[in-house]
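Letter by letter, the first sequence follows residues 243 to 1092 in the numbering used here.
The beta-carbon is built from N, C-alpha and C at its ideal position, and this holds for glycine as well.
I have placed the structure first, in the form of structure tokens, so that the comments after it can refer back to it.
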Amino acid sequence: MASRYDPQVAEPKWRAAWAAGDVYRAKSPAEAGDAPKAYVLEMFPYPSGRLHMGHVRNYAMGDVVARYKRANGYNVLHPMGWDAFGMPAENAAMKQNVHPGEWTYQNIADMRAQFQNLGLSLDWSREFATCDPDYYGDQQKIFLRLYEKGLVYRKASKVNWDPVDQTVLANEQVIDGKGWRSGAPVEQRELTQWFFRITDFAEDLLAGLETLERWPEKVRTMQANWIGRSEGLQMRFEWAGATPDGFTEGVEIFTTRPDTLYGASFMALSPDHPLTIQLAEKNDALKAFRAECAKVGTSEEAIEKAPKIGFDTGLTVKHPFEDREIPVWVANFVLMGYGTGAIFGCPAHDQRDLDFARKYDLPVIPVVLPSGADAETYEIGKEAYTGSGQIFNSDFLTGKSIEDAKAAAIKKIDSMGLGVRKVNYRLRDWGVSRQRYWGCPIPVVHCPDCGVVALPESELPVRLPEEVSFDVPGNPLARNEAWKSTKCPKCGGEATRETDTLDTFVDSSWYYARFASVSDMDERAYWLPVDQYVGGVEHAVLHLLYSRFIARAMGKIGLMDVENGEPFAGLFTQGMVTHETYKDNRGDWISPDEVRREGDTLIRMDTGAPVSVGPVEKMSKSKRNTVDPDMMIAQFGADVARMFTLSDSPPERDVEWTQAGVEGTARFAQRVWALFDALPETPTHAPATGDSELRRASHKSVAAVAQAVDEFRFNSAVATLYEWTNTVRKAAETADEADLVEACSLFSRCLQLFMPHLAEECWARLGHDSLIVHAPWPELDESLLVDDTITLPVQVNGKKRAEVQVTADAVPQDVEALALADPGVQPHIDGKTVKKVIVVPGRIVNIVVV
RNA sequence: GCGGGCGUGGUGAAAUUGGUAAACACAGCAGACUUAAAAUCUGCCGGCCGUAUGGCCUUGCCGGUUCAAUCCCGGCCGUCCGCACCA
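Written as structure tokens, this is what we have:
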């Protein structure tokens, strides 16, 4: 009597066996001996309290790699922990009047239980949460050492202020002018903040991208653009007329187009330029103009639509090469944050400058001549010319190419002592101060006598106070007088603690090193870098850039040592899990489990109201199109849920969760079991010999699965498993027992990567006492991977007309003769001239006739 | 505006990267088993013509290179993503 596979019975049983054997614990370098190491890591989760399908897919992918590496003899580190600081805990505290720590640790307990139900091959012995004092205490140590090295500093600056979360945001965390978490329009505020000197590493972070061969091109491009290197000239324009106080030297500008200096027709200062601010103090009209500029929002649309406006200061500067004066304006499109906050305008060859010049009737002087244009008649209309060409109207630069002219202009300016070649970066230093409670306290104190004083390491960790209230908005630490008041470590006098906490992205930028070892650098050096990192693209310039920076910075203070400073040697960015969306006739979002299909239409289960199907979108609470992993595990088992997230789409692409699809995967699990169930009671493990179709198919399938997994093509690996199952089922009736048992043995070891519980069940059914997780990856019989005879398609003028059977080593002449004689080919070449016959050995024959 | 990706059956997709387009799966259709349903199994399943052997067409559109193009080149169209007043 055939039995059904019951995941509800089998899965807990095997998880218990794995736990009892502690089978996923990473070995120490000494225990590992000669085995190579493999550090496989998925981006650790925020403990929101609920697992979602995106987690399942993410961790299932990492698990395939970890299991594959383990089977191939690697010493694998595959840890799990929690990115546990952050706003949601404080929001919960405000809403539910619960301590953020209590809320967080409860969520961690809940999610850990959910994770454990997935049967992932995780080493839980290294688990930690970033809100553990042990962890953030070490982070404070890192902070202090970076401070000592000058890689951390404090300065007053305009910062992005999120009015909803009531905190500062880093540039990377402002998306379209809105806070990345709250979605609220970000305001500019002047605050004294802590910064990490990431710009010190701009060049290195950019150069390092070249070495990351196992990273997606897309992510590398995004980071390169974010770092935004540009080469140019930084130079000074000297005053022609009046000289403002404090600016006797002139005005510094940065340009990437020194070749167009002869086209300069105005200079523009940022509204926030120190000179502008100084002038505005004595000039009400300019003051009003600055206020006008400040009114324009920071949102994408606002900037896009903002008209270019300017204010003539009445000041003039000298052209460096010519005897002429250039007016100095203030213009709203010049940013204080880039270059020097001042530019020279060359309207002919820059669209913004042209728009500005046309509006204020400033000269437009073309100096780059497109090839084919006539220098006498060439004019600029509404569009600036930014293409290639030859320099003209430019004295000593005339006739040169743009590149040559740039070099010549820089050389000349340099020799005149007015400026130097300069590389500028778009990247800004990383502002890490956050005015929040639930984060890592910054370990310094403010002393009225000594100023900012770093705490000695012996006083770490600086713990968060337990007593905390969220009755009023703002930072609870700032009004916690008992916690704030302390002694200055330098003079012993009364002092107050720093109340800013660190951006939670600091927590996540070194956690992978903490998994490798708590303090022992030897083990950190052994495990790092992470060999395979898996996570979402949304961190392309946030977490992934910060981590690359911190890895380098920690290298400087002796706490990390990785080649090229790169913490992640391989990166894979996975797609999301999506689902159809549903709305009822009132326009409310409906959850999939409230919807029932009746014939061709969908209705609400409770009211019977019609339901309309919307677009397939990322699973989200707001659209209510989520599917709960726990429910899926209860219904189908963890193996099926995991398998399905990998089966239908390439891993980097989104996968649509469908009920029918999961049911298909569940049927597959049953077919697999039926196959093993039908084996003899005690299968004999006589070595399989010979070259039966089944053996050939099986060995080829193992090779195909291995290759697909190597290349992160899990959907293809799954398709191979499906196809292989069909083959074995068809062969089962007639196959030799040894061949059949061998096929099942090979199959179960491949299946283990995707459906580990079922694979264990199958392995046990084959009569093994040991666990399949200890089974090595199968050795292949190479001779079975190549066929003795092959079928070649025969084309006539590119159209397939027949097939011929040939031996694998047949010489082209024989193949050609066979093809020409084939009855299927004959009618198509009869009466025509065979011009040429192309024989591609092992591939195809093409006969060209006229 | 700049940069990048993608476009293949009703659907998700595959194609050893120049060599038989549509593997595998979902949905659908037909049949077997069943009193019936579910489950399971078998067959069909890109389009057009044809009872059929078979023929013609087909990888967003147009063109090119080649014996041969989903793959390479040029030009369009659509779509998604990233960046964006960065001098």
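Quick check on residue i: does DSSP put it in helix, strand or coil?
| i | result |
| --- | --- |
| Trp481 | strand |
| Asp597 | helix |
| Lys311 | helix |
| Ala259 | helix |
| Pro834 | helix |
| Ser541 | Confidence at Ser541 is low in this model, with a pLDDT of 43, below 50, so its placement is unreliable and no value can be given for it. |
| Asn806 | helix |
| Tyr964 | helix |
| Phe634 | coil |
| Met243 | Any reading at Met243 must be qualified, since the residue scores a pLDDT of 46, below 50, and its modelled position is unreliable; the value itself is stated next. Correct three-state label for Met243: coil. |
| Pro685 | coil |
| Leu521 | helix |
| Gln877 | helix |
| Glu709 | coil |
| Gln465 | helix |
| Trp769 | helix |
| Gln415 | helix |
| Ala334 | helix |
| Trp915 | helix |
| Leu995 | coil |
| Trp403 | strand |
Could you check whether residue j and residue i sit closer than 7 Å to each other, using their CB atoms as the reference points?
| i | j | result |
| --- | --- | --- |
| Ala302 | Leu888 | yes |
| Leu1026 | Arg938 | yes |
| Pro809 | Asn827 | no |
| Phe918 | Arg1007 | yes |
| Trp436 | Arg396 | yes |
| Lys648 | Asp501 | yes |
| Leu1034 | Val1087 | yes |
| Leu611 | Phe575 | no |
| Phe327 | Gly681 | yes |
| Leu702 | Gly379 | yes |
| Ala626 | Lys560 | no |
| Ala573 | Pro589 | no |
| Val694 | Ala737 | no |
With which residues is residue i paired in a DSSP beta bridge?
| i | result |
| --- | --- |
| Phe553 | Val572 |
| Arg508 | The residue you asked about is not Arg; residue 508 is Phe in the sequence shown. Answer by DSSP bridge pairing, in chain order: Gly587. |
| Pro427 | Lys420 |
| Phe438 | Val394, Trp672 |
| Gln774 | Val282 |
| Arg387 | Answer by DSSP bridge pairing: none, since Arg387 is not bridged. |
| Asp365 | Pro321 |
| Leu611 | Gln632 |
| Ala456 | According to the sequence shown, residue 456 is Arg rather than Ala. Note: Arg456 sits in a beta bridge opposite Gly812. |
What whole-angstrom Cβ distance do residue i and residue j have, given they're in contact under 8 Å?
| i | j | result |
| --- | --- | --- |
| Ala883 | Val298 | 6 Å |
| Leu236 | Thr441 | No answer is possible for residue 236: it lies beyond the span of the chain, which begins at 243 and ends at 1092. |
| His855 | Met861 | A quick correction: the sequence has Val, not His, at residue 855. About 15 Å separates the two Cβ atoms, so there is no contact after all. |
| Pro1018 | Leu988 | At roughly 12 Å, the Cβ-Cβ gap does not stay under 8 Å, so Pro1018 and Leu988 are not in contact. |
| Ser270 | His320 | About 15 Å separates the two Cβ atoms, so there is no contact after all. |
| Leu475 | Ile652 | 5 Å |
| Lys798 | Leu393 | 7 Å |
| Val1082 | Ile1089 | About 13 Å; that fails the 8 Å criterion. |
| Ala811 | Arg1085 | Not a contact, Cβ separation roughly 36 Å. |
| Pro605 | Ser472 | About 26 Å; that fails the 8 Å criterion. |
Contact between the stretch 1031 to 1046 and the stretch 1067 to 1084 is defined here as three or more beta-carbon pairs at a separation below 8 Å; is this criterion met?
The stretch 1031 to 1046, when compared against the stretch 1067 to 1084, does touch it at the 8 Å Cβ threshold.
Should the stretch 425 to 433 be regarded as contacting the stretch 397 to 406, the criterion being three or more beta carbon pairs within less than 8 Å?
yes
Please determine if the stretch 766 to 782 and the stretch 812 to 820 are in contact, where contact requires at least 3 C-beta pairs separated by less than 8 Å.
yes
Determine, using beta-carbon pairs with one atom in the stretch 343 to 358 and one in the stretch 308 to 321, whether at least three such pairs fall under 8 Å.
As far as the Cβ criterion goes, the stretch 343 to 358 does not touch the stretch 308 to 321, which means the pair count is below three.
Segment contact flag, the stretch 486 to 505 with the stretch 584 to 592, C-beta cutoff 8 Å, min 3 pairs:
yes
At least 3 beta-carbon pairs within less than 8 Å: the stretch 256 to 266 vs the stretch 755 to 769:
no
Taking three-plus beta-carbon pairs below 8 Å as touching, is the stretch 284 to 294 in contact with the stretch 978 to 985?
no
Can you confirm whether the stretch 627 to 644 touches the stretch 601 to 615 when touching is taken to mean that 3 or more C-beta pairs between the two stretches lie within less than 8 Å?
Segments in contact, yes.
Is it the case that the stretch 829 to 836 contacts the stretch 786 to 805, given that we only count it when at least three CB pairs across the two stretches are under 8 Å?
no
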